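Asker: Take this structure first; my questions come after.
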Amino acid sequence: MANDPISQVNTGLFIDGQWGPAASGRTFDVINPATEEVLAQVADGNGDDARRAIEVAGQKQAEWGRTPPRERSEILRRAYDLVIERTDELAAIMTAEMGKPLAEARGEVAYGAEFLRWFSEEAVRIGGDVTLTGDGKTRIMVTHEPVGPCVLITPWNFPLAMGTRKIGPAIAAGCTMVFKPAELTPLTSLALAGILTEAGLPGGVLNVVTTTDPGSVVEPWMASGIARKVSFTGSTPVGVKLLQQASEHVMKSSMELGGNAPFIVFADADLDKAVAGAMVAKMRNMGEACTAANRLYVEAPVAEEFAKKLSEQMGALKVGDGAAEGTQVGPLVERKALDKVQQFVEEAVSRGATVMCGGDAPEGKGFFYNPTVLSNVDPDSALLANEIFGPVAPVVPFDTEEEAVELANGTAWGLVGYLFTSDVQRAFRVGERIEAGMVGLNTGLVSNPVAPFGGVKASGLGREGGRIGIDEFLETKYFALPRD
Ligand code: NAD
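Using full-length UniProt numbering, the first residue of the sequence shown is number 1, and each one after it goes up by one.
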């Protein structure tokens, strides 16, 4: 059954409103990480395809930028309705290509669709400002225009939402786009391109190039001089490379990069709520989230009890094919990801960590890893300094508030921090000192289309979603007119 919606997906490149093969004629396999079976073959684009796509985006920009905001708004609104209507199909595609359990995939459809609805509402609210200069002699009229053709690049971990979080505001603002989805999960993005076309998006506004060689497609876009904006979600090293490329043509840049989230539990917290929060912050998407709790710092008097309660819940989760009823933890996305998680755990254990649950991979096909809680983790363990991107929770005790803040900030990243305490003064006192773009207070979930998502330090530049989300796709201009 899960294969049915996949057979409906157009697996070509989507350029100028037409589906077609890659210039090279090549395709690549998309693999189901639960079964290791090939799901589909997708066009493998190269530099020639990329150049064609960016030229189309450049040609269409002026006309698309002038469309009435209401028209763009209604395309987005229709796309929202279609995505919601096709929840089951899209969820099945996502589960098959990425691994997350169906229930989570349905949750992502709702979350991802919400960006289309939110930005359909924003499209008609792009305002401006009128003011006088201080001496009263000149009127200043501030307007906002589409920034121009955009390069959009997304990761594999949220195949739908990472796309709609960029495409939604780009359409709302009146920008054309070239879009390169992750090579591990292209099918959801291709299905989305089909839905947007059905919703009335004119040909050439959104151009999609899938590839196994991201550099060969993205570099021509960045070097083209046509693209005015790059919006990237992915790892910090690739983001840094793109910023270097963006500097050549001084492109506006949004970077949603990696994280290494601290999850701090004070002894005064409601421990059961903290454990429930950790389950969400750690286990959403099998731990394959930039927002995943990566380091769990727990005040010493309650650290043991917290680790015990967390391991009881993590250890009871049902691991299996995400498409099977009742599965709570799907496979990791690929063999390489599984190997990395295994190495992190082995290294931490070799430094003296105690395995409270899990610590190994189940036998058989698929890239599964059992949910793992580690206590007594040595502070120099590699998994505290890197994104684990898997279902592994290292618990580290701390003694003072000062120490908790120092530990939390002792990383190059700054995407999100989580704090659990029943003392509201402490919540803000510590929260204000956390170097991150987002702070979850007594909650393990911060992602929401209404909120400005993004990080500081090596976690990125700019924000996605919220009222300011559309600003990333707009340029400001003012007119000065003397009052005579
Ligand atoms: P990745 O950086 O390897 O890949 C992301 C995208 O960049 C993919 O589409 C990939 O094909 C492309 N890419 C790779 N090399 C490129 C190059 N040289 N030029 C242009 N594009 C290139 O990351 P990933 O493994 O797909 O995703 C996981 C990472 O994404 C993690 O670090 C995670 O924290 C981060 N992430 C961040 C957010 C956020 O909002 N901050 C959200 C989700 C994921």
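In this text, a Cβ means the ideal position worked out from N, Cα and C, and glycines have one as well.
It should be emphasised that the depicted structure is a prediction, and the values quoted were computed from it without experimental measurement.
#1: For the candidate residues 396, 360 and 224, whose alpha-carbon lies nearest to that of residue 307?
#2: Once DSSP output is grouped into helix, strand and coil, what is the label at residue 47?
#3: Take residue 356 and list the residues in its own chain whose beta-carbon comes closer than 6 Å to its own, dropping the five residues that flank it on each side.
#4: Which same chain residues end up closer than 7 Å to residue 452 when comparing Cβ atoms and leaving out the 5 residues on each side of it in sequence?
#5: Specify the secondary structure class of residue 242 as computed by DSSP and reduced to three states.
#6: Using three-state DSSP, classify residue 1 as helix, strand or coil.
#7: Mapping the DSSP letters down to three states, classify residue 115 as helix, strand or coil.
#8: At a cut-off of 7 Å, would you count residue 253 as near ligand 1, judging by its Cβ distance to the nearest heavy atom?
#9: Considering only the beta carbon of each residue, do residue 444 and residue 280 sit closer than 8 Å?
#10: What does the alpha-carbon distance come out to for the pair residue 289 and residue 59?
#11: Helix, strand or coil: which one does DSSP assign to residue 270?
#12: State the DSSP-derived secondary structure class of residue 222, mapped to helix, strand or coil.
#13: For the beta strand (DSSP E) that contains residue 29, what are its first and last residues?
#14: Among the residues of its own chain, which have a CB less than 8 Å from the CB of residue 30, if the five just before and after it don't count?
#15: Exposed or buried, what is residue 237 when buried is set at 16 or more other beta-carbons lying within 10 Å of its beta-carbon?
#16: Can you grab the Cα-Cα spacing for the pair residue 259 / residue 358, in whole Å?
#17: Does the contact criterion of 3 or more C-beta pairs under 8 Å hold for the region 195-215 versus the region 15-28?
#18: Thinking C-alpha only, which one of 369, 363, 379 and 318 is nearest residue 348?
#19: Does the Cβ of residue 350 have 16 or more other Cβ atoms within 10 Å, making it buried, or fewer, making it exposed?
Answerer: In brief:
#1: Taking the first residue of the sequence shown as 1, we reach residue 307 at position 307. The candidate whose alpha carbon is nearest that of residue 307 is 396.
#2: As a position in the sequence shown, residue 47 is number 47, starting the count at 1. The answer is helix: DSSP assigns residue 47 an H, G or I state.
#3: Mapped onto the sequence shown, residue 356 falls at position 356. For residue 356, where only same-chain residues beyond five positions count, the Cβ hits under 6 Å are 307, 311, 373 and 375.
#4: Within the sequence shown, residue 452 is the residue found at index 452, counting from 1. Around residue 452: 463, 465, 466, 468 and 469.
#5: Locating residue 242 in the sequence shown gives position 242, where the first residue counts as 1. Reduced to three states, the DSSP call for residue 242 is helix.
#6: The count along the sequence shown starts at 1 and reaches residue 1 at position 1. Residue confidence for residue 1 is low, a pLDDT of 41 falling below 50, so the modelled location carries little weight; the figure read from the coordinates is stated next. In the structure shown, residue 1 adopts coil according to DSSP, grouped into three states.
#7: Sequence index remark: in the sequence shown, residue 115 carries index 115 (1-based). Under the three-state reduction of DSSP output, residue 115 falls in the helix class.
#8: Indexing the sequence shown from 1 puts residue 253 at position 253. It does not: the Cβ of residue 253 is nowhere closer than 7 Å to a heavy atom of ligand 1.
#9: As a position in the sequence shown, residue 444 is number 444, starting the count at 1. As a position in the sequence shown, residue 280 is number 280, starting the count at 1. Going by C-beta atoms, residue 444 is nearer than 8 Å to residue 280.
#10: Position 289 of the sequence shown, counted from the start, is the residue given in the question as residue 289. Position 59 of the sequence shown, counted from the start, is the residue given in the question as residue 59. Whole-angstrom Cα-Cα distance: 36 Å.
#11: Counted from its first residue, the sequence shown places residue 270 at position 270. The answer is coil: DSSP assigns residue 270 none of H, G, I, E or B.
#12: As a first step, residue 222 is located in the sequence shown; it is residue number 222 there, counting from the start. Three-state result, residue 222: helix.
#13: Position 29 of the sequence shown, counting from 1, holds the residue named residue 29. Per DSSP, residue 29 belongs to the beta strand (DSSP E) from 27-31.
#14: Counted from its first residue, the sequence shown places residue 30 at position 30. The beta carbon of residue 30 is closer than 8 Å to those of 38, 39, 40, 41, 42, 97, 184, 185, 186 and 187 in its chain, skipping five residues each way along the sequence.
#15: Translated into positions along the sequence shown, residue 237 becomes position 237. Its Cβ having fewer than 16 others within 10 Å, residue 237 is exposed.
#16: In the sequence shown, the residue the question calls residue 259 occupies position 259. In the sequence shown, the residue the question calls residue 358 occupies position 358. Their Cα atoms are separated by approximately 24 Å.
#17: Three or more beta-carbon pairs separated by less than 8 Å link the region 195-215 to the region 15-28, which places the two stretches in contact.
#18: As a working note, residue 348 is residue 348 in the sequence shown. Residue 348 has its Cα closest to that of 379, out of 369, 363, 379 and 318.
#19: Position 350 of the sequence shown, counted from the first residue, corresponds to residue 350. So residue 350 ends up on the exposed side.
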